[in-house]
Every structure is written in structure tokens, then in C-alpha cells.
Amino acid sequence: MAEIKNVVMIGAGLMGHNAAQIFLMAGYNVTLVDIKDEFVDAGAAKIDEGLKKLEGKGKLGEGVSAASLIGNLKKSIDLASAVKDADFVLEAVVEKMDVKKQVFKTCDENAPPHCILATNTSTMSITEIASATNREDKVIGMHFFNPPILMRLIEIIAGEKSSDEAMYIGVELSNSL
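The numbers in numbering that gives the first Met the number 0 rise by one with no breaks, and the one at position 25 of the sequence shown is 24.
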């Protein structure tokens, strides 16, 4: 997965901060995005707490510290700016189609052309979410089961126009976590 270095996690709540922690633990640079600083700060604090707990149990791996991992975490409330250098974006915002479509529209307009856009939803249409973009072939579902930090199960879902390449990247990325 050499082409995926920078992951943007949109939504700092339960699913978002847990998924962000998993990406950090797998060695990715992660930007945690939400609509208010207090949400981002709370999510980042939970990630820090989770990493320190794992470090205390010796579960981060030899030579890996919570501090070194948290050093790869950025925080933002500016979605358009946050996705400028993204290789992969995962969205875990409220389960409202209009909100998801607006998030994907903003990502599409600001992320690099190669960037894959994924949604954590398990109930909403990937095809409809993708319709808010000009890169429907690069939109997939990447559903983490709850709680992600304990349930290491990820469902990769295709929309009607999701490309084989986007699906492959989603699967390979999931396998790296």
C-alpha cells in the first residue's frame, strides 16, 4: 500500500476516532476532521488515551510508543484544506444522506484526483453518496464494525460505479490494518 500514506478521517465520534487510531497503529499519517474543535479535541484525546492504554499493556510493538503514533495525527475543522494531500478519505459522520453528500462533494472538489473516498455507512446507498462527486469510480464503502478497536472486521462495499481498482485498494488497505 505504498501509494496510501495520508488518511483523512472525517468524524471524530466513536467510529471515527477508533478507526483513526487503527490507521495510526498501522503506520499511516492521519488527519482527524470534524465540524467543531471540541469534537476533534475530544476524539484526539480518546485516541491518545487508547494508545497509552495499549502501550501500557505492551501491545503497540517493540520500539513503538503512543507518543510516536500520536505524532502522526493532525486535527482540523477545515475539511477542504484537510483533504488537499489525502490519499484515502474515510467518512463517519451522521447517518443523513444530505450531510454525507455534502461531505463527499467537498472532498471531491478538494482532494487529489487519485484519492479514494470511502464511507463507513452500512445502511445507505454507496451509489447515491458517490453521485455527489465527479469520481464515482473512486467511491466505496468501508464499514468498520463497532467498536472498531476491538472488532477487527471491515466490510468493503461497492457502489454501482465503484472501480475494481478502488475496491482492491479498499481491501488491501483493510488488510494492512
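Virtual Cβ for every residue (Gly too), placed ideally from N, Cα, C. Only a predicted model underlies this, so the values are computations on that prediction, with no experimental measurement involved.
Next item on the list: Give the straight-line distance between the Cα atoms of residue 45 and residue 126, rounded to the nearest whole angstrom.
Entry: Each residue's alpha carbon lies about 32 Å from the other.
Next item on the list: Using the Cα positions of residue 130 and residue 95, report the straight-line distance between them to the nearest angstrom.
Entry: Taking the Cα positions, residue 130 is about 15 Å away from residue 95.
Notebook entry, point to check: With DSSP run on the structure shown, which of helix, strand or coil describes residue 157?
Noted result: Reduced to three states, the DSSP call for residue 157 is strand.
Item checked: Span separating the alpha-carbon of residue 13 from that of residue 119 -> Taking the straight line joining both Cα atoms gives about 12 Å.
Check: Quick one: what's got a C-beta closer than 6 Å to residue 154's C-beta in the same chain, skipping five residues either side?
Finding: Cβ within range, chain order: 142.
Next item on the list: Per DSSP, which residues does residue 133 bridge with? Please list them.
Entry: According to DSSP, residue 133 shares a beta bridge with no other residue.
Checklist line | Sheet register partners of residue 117 (DSSP bridge) | finding: Residue pairing by DSSP places residue 117 opposite 89, 139 in a beta bridge.
Notebook entry, point to check: On the three-state DSSP scale, how would you describe residue 148?
Noted result: Residue 148: coil per DSSP, three-state reduction.
Margin query: Buried or exposed, going by whether 16 or more other CB atoms sit within 10 Å of the CB of residue 65?
Written below: Taking every protein chain shown into account, the CB of residue 65 has 16 or more other CB atoms within 10 angstroms, so this residue is buried.
Checklist line | C-beta contact flag for residue 31 and residue 89 at 8 Å | finding: No, these two residues do not count as a Cβ contact at 8 Å.
Item checked: Distance, residue 19 Cα to residue 103 Cα -> Residue 103 and residue 19: Cα-Cα distance of roughly 18 Å.
Notebook entry, point to check: Of all the options 133, 146, 175, 144, which has the alpha carbon lying nearest to the alpha carbon of residue 161?
Noted result: Selected option, being the one with the closest Cα: 133.
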